[in-house]
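Here's the structure, in structure tokens; my notes come after.
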Amino acid sequence: MKVAILGCGAVSELYYTPALQALKGQLEVGALLDPNSDRLAQLQKAFPAARPAYRVGELREQGIELVIVASPVRFHAEQAIQALESGISVLCEKPMAATTAEGEAMLRTARETDQILAVGLFRRFFPAARLIHQMLSDNLLGSVKSFHFTEGGVFSWPAQSASFFQKTSAQGGVLLDLGVHLLDLLLWWFGQPTQVFYEDDATGGLEANCRLLLAFPQGFKGEVRLSRDWSLSNRYLIECEKGWLSWQVGEADKVQMGLYGSDFALDARLHHQVSKGALPELGLPADGYHRSFIRQLQNVAAAVRGTGEVLVSGEQGIASLRLIEQCYERRSLMPMPWLSGHEQAQATRLATGTL
168 MKVAILGCGA
178 VSELYYTPAL
188 QALKGQLEVG
198 ALLDPNSDRL
208 AQLQKAFPAA
218 RPAYRVGELR
228 EQGIELVIVA
238 SPVRFHAEQA
248 IQALESGISV
258 LCEKPMAATT
268 AEGEAMLRTA
278 RETDQILAVG
288 LFRRFFPAAR
298 LIHQMLSDNL
308 LGSVKSFHFT
318 EGGVFSWPAQ
328 SASFFQKTSA
338 QGGVLLDLGV
348 HLLDLLLWWF
358 GQPTQVFYED
368 DATGGLEANC
378 RLLLAFPQGF
388 KGEVRLSRDW
398 SLSNRYLIEC
408 EKGWLSWQVG
418 EADKVQMGLY
428 GSDFALDARL
438 HHQVSKGALP
448 ELGLPADGYH
458 RSFIRQLQNV
468 AAAVRGTGEV
478 LVSGEQGIAS
488 LRLIEQCYER
498 RSLMPMPWLS
508 GHEQAQATRL
518 ATGTL
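Numbering (this note's numbering), first residue to last: 168 to 522.
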């Protein structure tokens, strides 16, 4: 299957390049598109057979069957829709669009053209995320009572443009960037919240820190904290009736679990489960971080071939985007006790656009 990469920035270089190289023979990169010739040339070193492309509409003529949209978010909807209308399936990097309206237009085009639209929320391929989903669905520790999710640290992503920090380029800050991964897992595990409180530190620009309080129809509440400028614990903690589950961000094949009343807890590395005769036992180690990213590409390719179902479809991918948009609509300014009264008033006016 021939693949085109739209956007030759950091995510394409650090993630898609090694994954596609590992799948050589199954997926072949036939075209690269990026207005930055230096970035395009850099990626072409990894895929020397790939031809430079200048328009999405010309890709079908080159035999491209799958487009990976890895450009800045403001281009996602336009490029994905152009590819879908050309009869090409799409794997779109997260977040799938800058706004819910753009995401809805992508979904509509995918339905009208009968093409695959997948979203790159690849944490759903983590064995740890899948195990937590199963344990919660089966109530193995009883019903959920509360949760506390934190993620973030000093920004260190090797961005190839300033679009992450420019309000003219990005519709949001840390909530849209990191939050889309976190909220996707949260919605997958818990379902839709009934109450949403949101605050951040944006004073006219993009937020670097934010906090969410969420309530769910099952009767539990929890907190989410995200940051781009100070180190958090990067831990997702879920407290249930009988015990707790914990996951460290990025540890695709590990979970922690404890039972209330016990002196001990588990720090477990996951394996596949197999049977030897009638007895269960450990099989091979579960996929790690980068192998999970490869699984995402294999899943999408199988869906394009008609031999499988997309794990993270556009319909699923837009759910976290809707919640993010809901948060921004309800935004309030985060308390900043280090500011003087005058500075706090000034910050409030900047945050509300009344300055």
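All C-beta atoms, glycine included, are put in the ideal place defined by N, C-alpha and C.
Item checked: For I461, the three-state DSSP class (helix, strand or coil) -> helix
Margin query: At a cut-off of 7 Å, would you count V178 as near the ligand NAP, judging by its Cβ distance to the nearest heavy atom?
Written below: As for the ligand NAP, it is missing from this structure, which has no ligand bound.
Check: Would the beta-carbon of E366 fall within 8 Å of that of M503?
Finding: no
Checklist line | Range of the contiguous alpha helix (DSSP H) that encloses I248 | finding: H243 to E252 is the extent of the alpha helix (DSSP H) around I248.
Notebook entry, point to check: What's the C-alpha gap between P384 and L350?
Noted result: 17 Å
Note to self: Check for me: the alpha helix (DSSP H) holding T519 runs from which residue to which?
What the structure shows: G508 to T519
Checklist line | Anticipated Cβ contact below 8 Å, S313 with E406, distance rounded | finding: At roughly 5 Å, the Cβ-Cβ gap stays under 8 Å, so S313 and E406 are in contact.
Checklist line | Between the CA atoms of L412 and H315 - distance to the nearest angstrom | finding: 11 Å
Note to self: Please report the straight-line C-alpha distance between G520 and R290, rounded to a whole angstrom.
What the structure shows: 36 Å
Next item on the list: In angstroms with no decimal places, state the Cα-to-Cα distance between G450 and Q440.
Entry: 5 Å
Check: Any contact of the stretch 278-290 with the stretch 471-491, i.e. 3+ C-beta pairs under 8 Å?
Finding: yes
Notebook entry, point to check: Between which two residues does the alpha helix (DSSP H) containing G346 stretch?
Noted result: G346 to F357
Checklist line | Nearest candidate by alpha-carbon position, reference F364, set L194, I491, L373 and T184 | finding: I491
Next item on the list: Determine, using beta carbons only, whether I461 and A186 come nearer to each other than 8 Å.
Entry: yes
Notebook entry, point to check: What number of angstroms, rounded off, separates the C-alpha of Y495 from the C-alpha of F357?
Noted result: 21 Å
Check: Are at least three pairs of beta-carbons, each pair with one atom in the stretch 423-438 and one in the stretch 250-267, less than 8 Å apart?
Finding: no
Next item on the list: Compare the C-alpha of N302 against each of Q423, G428 and I172 and name the closest.
Entry: For the record, residue 302 in the displayed sequence is Met; it is not Asn. Among Q423, G428 and I172, the Cα nearest to that of M302 is on Q423.
Next item on the list: Report the three-state DSSP secondary structure of V321 (helix, strand or coil).
Entry: coil
Check: In three-state terms, what does DSSP make of G371?
Finding: coil
Next item on the list: Give the C-beta separation of R392 and R378 to the nearest angstrom, bearing in mind that I take them to be a contact with Cβ-Cβ under 8 Å.
Entry: Separation of the CB atoms of R392 and R378 is rounded to 5 Å, and the pair is thereby assigned contact status at 8 Å.
Margin query: Tell me the DSSP secondary structure of Y182 in three-state form.
Written below: Correct three-state label for Y182: helix.
Margin query: Measuring alpha carbon to alpha carbon, tell me which residue in A277, S459, L426 and F387 is nearest P294.
Written below: S459
Next item on the list: Take L345 and list the residues in its own chain whose beta-carbon comes closer than 7 Å to its own, dropping the five residues that flank it on each side.
Entry: In the same chain as L345, and ignoring 5 residues on each side of it, the C-beta atoms closer than 7 Å to its own belong to E318, G319 and L393, in chain order.
Note to self: Restricting to Cα atoms, I'd like to know which of I235, V234 and A198 is closest to R218.
What the structure shows: A198
Checklist line | Run of the beta strand (DSSP E) containing D434, from where it starts to where it stops | finding: A432 to R436
Next item on the list: Taking R489 as part of the alpha helix (DSSP H), name the residues at either end of that continuous run.
Entry: G481 to E496
Notebook entry, point to check: When we look at the beta-carbon of T276 and count the other beta-carbons within 10 Å, is it buried (16 or more) or exposed?
Noted result: buried
Check: For Q362, does the three-state DSSP call read helix, strand or coil?
Finding: strand
Next item on the list: Check each candidate in Q246, N306, L404 and W397 and name the one with the smallest Cα separation from L353.
Entry: L404
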